[in-house]
Amino acid sequence: DQQVKQNSPSLSVQEGRISILNCDYTNSMFDYFLWYKKYPAEGPTFLISISSIKDKNEDGRFTVFLNKSAKHLSLHIVPSQPGDSAVYFCAARDLHGSSNTGKLIFGQGTTLQVKP
Amino acid sequence: EPEVTQTPSHQVTQMGQEVILRCVPISNHLYFYWYRQILGQKVEFLVSFYNNEISEKSEIFDDQFSVERPDGSNFTLKIRSTKLEDSAMYFCASSRGEGGTGELFFGEGSRLTVL
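Residue numbers (our numbering), protein chains in the order written: chain R, 7 to 122; chain D, 328 to 442.
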């Protein structure tokens, strides 16, 4: 049951350049999409989210784009910094199909390495 | 800033033993969750808890698992008879509710190693 997919297990970029992390989903009932950042041996930390009724949300160096027709979202980090090196998880909330529990369904994660 | 806290950070146990993982969610949150991550795999939903009862559980959350909110602040996950495949990081999370941006706040995790 892969409702949320991150097809790239890893990404390496140079410091100062743009990092683009991608995520695809299958369930059109998702109402919010979120990106989490995770360091080893720590819990996921919320980064940015976007409502299904929007196509872009920006917060500082982080921008999330949503393409509902393609069921695709992406996270752009500009400029990338070495401290951004972590695992990035895409997640989606299905408020209608999950008994209103607000649970999140996570993708497999993409390991981002930003080289100095 | 309020945070979700989990104990223990690491527990080693023998197969067949009972384990209890503890969590203190953020105080004004209403929904509580347990997730787990087996090494190198995705973060998987186990169970959600609202209004003192389980609101949803995954296929992973079988009869060996149980959750409890014993005293209004703690939220515990019990594994009755641990198996080798239960070895994973277990994350507790909480949220304000069904409104908002959907953000779940996660704890640092409890690493369970079953030998």
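Cβ atoms here follow ideal geometry from the backbone N, Cα and C, with glycine treated the same way.
Are the beta-carbon atoms belonging to residue i and residue j less than 9 Å from one another?
| i | j | result |
| --- | --- | --- |
| Leu373/D | Leu411/D | no |
| Ser327/D | Tyr358/D | Lying before the first or after the last residue shown, residue 327/D is absent from chain D, which here runs from 328 to 442. |
| Arg349/D | Pro335/D | yes |
| Phe112/R | Lys369/D | yes |
| Asn42/R | Leu53/R | In the sequence on display, residue 42/R carries Tyr and not Asn. Cβ distance < 9 Å, so Tyr42/R and Leu53/R count as in contact. |
| Arg423/D | Asn355/D | yes |
| Ile25/R | Leu81/R | Looking at the sequence provided, one finds Ser at residue 25/R rather than Ile. The answer is yes: Cβ separation under 9 Å. |
| Leu40/R | Gly434/D | no |
| Tyr319/D | Thr107/R | Nothing can be reported for residue 319/D, as the shown portion of chain D is limited to 328 through 442. |
| Leu431/D | Ile347/D | no |
| Ile365/D | Ser414/D | yes |
Can you tell me which of the three DSSP states residue i falls into?
| i | result |
| --- | --- |
| Asp413/D | helix |
| Asp390/D | coil |
| Asp90/R | helix |
| Asp398/D | coil |
| Ala76/R | coil |
| Leu357/D | coil |
| Ile406/D | strand |
| Glu430/D | coil |
| Arg349/D | strand |
| Ile365/D | coil |
| Thr107/R | coil |
| Leu118/R | strand |
| Val331/D | coil |
| Glu435/D | coil |
| Arg327/D | Past the boundaries of the shown model lies residue 327/D; chain D is included only from 328 to 442, so the question cannot be answered. |
| Leu373/D | strand |
| Leu17/R | strand |
| Gln338/D | strand |
| Ser382/D | strand |
Which chain A residues are close to residue i, counting only those with a beta carbon under 8 Å from its beta carbon?
| i | result |
| --- | --- |
| Ser16/R | Absence of chain A from the displayed structure is noted, the protein chains being R and D. |
Residues in the stretch 105-120 of chain R having any Cβ partner in chain D nearer than 9 Å | The residues in question are Ser105, Asn106, Thr107, Gly108, Lys109, Leu110, Ile111, Phe112, Gly113, Gln114 and Gly115.
Using Cβ-Cβ distances below 7 Å, what residues of the stretch 378-395 of chain D are close to chain R?
-> Cβ contacts with chain R: Ser382 and Glu383.
What residues from the stretch 394-422 of chain D come within 7 Å of chain R, judged by C-beta to C-beta, listed N to C?
-> Residues of the stretch 394-422 of chain D with a C-beta less than 7 Å from any C-beta of chain R: Phe418 and Ser422, listed in chain order.
So, do the stretch 340-352 of chain D and the stretch 70-77 of chain R have three or more beta carbon pairs nearer to each other than 8 Å?
-> The stretch 340-352 of chain D, when compared against the stretch 70-77 of chain R, does not touch it at the 8 Å Cβ threshold.
Could I get the ranges of all uninterrupted beta strand (DSSP E) runs contained in the stretch 22-85 of chain R, with 3 residues as the minimum, in chain order?
-> Counting only unbroken stretches of 3 or more residues, the beta strand (DSSP E) elements lying wholly within the stretch 22-85 of chain R are 25-31, 38-44, 51-57, 62-65, 68-73 and 78-83, in sequence order.
With contact counted as at least three CB pairs below 8 Å, one residue from each stretch, are the stretch 23-41 of chain R and the stretch 416-423 of chain D in contact?
-> They do not touch, by the three-pair rule.
Can you list, in chain order, the residues of the stretch 37-53 of chain R whose Cβ is nearer than 9 Å to any Cβ on chain D?
-> Along the stretch 37-53 of chain R, going in chain order, the ones with a CB nearer than 9 Å to a CB of chain D are Asp37, Tyr38, Phe39, Leu40, Tyr42, Lys44, Ala47, Glu48, Gly49, Pro50, Thr51 and Phe52.
Between the stretch 61-84 of chain R and chain D, which residues of the former have CB atoms less than 8 Å from a CB of the latter, in chain order?
-> Cβ contacts with chain D: none found.
Is it a yes or a no for the stretch 113-121 of chain R touching the stretch 78-95 of chain R, going by three-plus beta-carbon pairs under 8 Å?
-> In short, these stretches touch, since the Cβ pair count reaches three.
Mind checking the stretch 424-439 of chain D against chain R and listing, in chain order, the residues whose C-beta falls within less than 8 Å of any C-beta there?
-> Answer in chain order: Gly424, Glu425, Thr428, Gly429, Glu430, Leu431, Phe432, Phe433, Gly434, Glu435, Gly436 and Arg438.
Between the stretch 350-381 of chain D and chain R, which residues of the former have a C-beta closer than 7 Å to a C-beta of the latter?
-> If the cut-off is 7 Å between Cβ atoms, the stretch 350-381 of chain D has Tyr358, Tyr360, Lys369, Val370, Phe372, Ser375 and Tyr377 near chain R.
Contacting positions in the stretch 86-99 of chain R - beta carbon closer than 7 Å to chain D | Cβ proximity to chain D below 7 Å picks out Phe95 and Arg99 from the stretch 86-99 of chain R.
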